[in-house]
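**Q** One structure, pasted below without further comment.
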Amino acid sequence: FHVAGKVTGGDGPVIVSVERPGESVPGPSAASNARTGIFRLPLVYPGTLTLVFRSQRRGEEGGEAARQSITVASADILNLQVALQPMQSIPVQIDEPASIPAATPDPSPNANSLPQRAPAQVILIPEEPSEMQQYVARRQGDAPLSIPNVPTGSYRVRVQTFATAECLGAIDAGGVDLARSPYTIADGGAAVPIHVTLSSDCSTLKG
Numbered sequence: 202f203h204v205a206g207k208v209t210g211g212d213g214p215v216i217v218s219v220e221r222p223g224e225s226v227p228g229p230s231a232a233s234n235a236r237t238g239i240f241r242l243p244l245v246y247p248g249t250l251t252l253v254f255r256s257q258r259r260g261e262e263g264g265e266a267a268r269q270s271i272t273v274a275s276a277d278i279l280n281l282q283v284a285l286q287p288m289q290s291i292p293v294q295i296d297e298p299a300s301i302p303a304a305t306p307d308p309s310p311n312a313n314s315l316p317q318r319a320p321a322q323v324i325l326i327p328e329e330p331s332e333m334q335q336y337v338a339r340r341q342g343d344a345p346l347s348i349p350n351v352p353t354g355s356y357r358v359r360v361q362t363f364a365t366a367e368c369l370g371a372i373d374a375g376g377v378d379l380a381r382s383p384y385t386i387a388d389g390g391a392a393v394p395i396h397v398t399l400s401s402d403c404s405t406l407k408g
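Residues 202 to 408 in our numbering are what the sequence shown lists, from first letter to last.
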């Protein structure tokens, strides 16, 4: 069947792709018309599926996205109306143990002009198996550490430390323990900052 409709709220063309529950490979995809916002997906098989809409502005910040579940039964769906929501920029705070000096930039002839590297890498991994893109915390110039352009959805959070004497002590967002629960961004909701606490009380594994 064909699935078609109109996207509003985006800046430029929007990529539309199909996700099916439990499938790790995205289905058919198409781009909307940059001027009218109209899109059309051919060759959509019957069943319940999720349409993923994503617009990306030039540069690191900005962009819009949306997700919409539909059921294709016995006819084309031709009049969908989809409103995009801005992607979120998630603030990230990393606290290091007081007994260990703060991480410093890598040695470089131009080190004075480089932003200080974060002491750990924070990564969001989508729980939806067909969503393969990961989102990494980064600094833009002198701006605070954040994870830019994250669409609504549910994510696992992973932390990798760079210093051998530091390990993950705790990670949470709004009181939710992200070591055991996913990080969720709901439609229309504000991004909750992620707080990472590093520890010097690390274990050693030999094998």
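Where a beta carbon is used, it is the ideal one built from N, C-alpha and C, also for glycine.
1) Closer than 6 Å by C-beta to V204: which residues in its own chain qualify, once you throw out the five before and the five after it? Chain order, please.
2) So, is A374 buried or exposed, given that buried needs 16 or more other C-beta atoms within 10 angstroms?
3) Got a sec? Which residues, its chain only, sit under 7 Å from A391 by beta carbon, not counting five neighbours each side?
4) Here's the rule I'm using: 16 or more other beta-carbon atoms within 10 Å means buried, otherwise exposed. How should E224 be labelled?
5) Does the segment 284-295 come close enough to the segment 218-237 to have 3 or more Cβ pairs within less than 8 Å?
6) In whole angstroms, what is the alpha-carbon distance linking G228 and G248?
7) Looking at P394 and Y356, is the spacing between their C-beta atoms short of 8 Å?
8) So what's L252 in DSSP terms, helix, strand or just coil?
9) So what's T385 in DSSP terms, helix, strand or just coil?
10) Measure the alpha-carbon distance for A371 versus I386 and round it to whole angstroms.
11) Distance check for G213 and I239, CA to CA, integer angstroms please.
12) Could you pull the start and end residues of the beta strand (DSSP E) that K207 belongs to?
13) Tell me whether C403 sits in a helix, a strand or coil according to DSSP, three-state version.
14) If you follow the beta strand (DSSP E) that A267 is part of, which residue opens it and which one closes it?
15) Opposite F240 in the DSSP bridges: which residues?
16) Just tell me which of Q341, G206, D388, S404 has its CA closest to the CA of I271.
17) Would S275 be called buried (16 or more neighbouring beta carbons within 10 Å of its own) or exposed?
**A** According to the structure shown:
1) L242, V245, I278
2) buried
3) none
4) exposed
5) no
6) 12 Å
7) no
8) In the three-state scheme derived from DSSP, where H, G and I count as helix and E and B as strand, L252 is classed as strand.
9) In the structure shown, T385 falls within a strand segment according to DSSP collapsed to helix, strand and coil.
10) Each residue's alpha carbon lies about 20 Å from the other.
11) 12 Å
12) Boundaries of the beta strand (DSSP E) harbouring K207: 204-209, taken from the DSSP string.
13) C403 falls in the coil class under three-state DSSP.
14) 265-273
15) G206
16) G206
17) exposed
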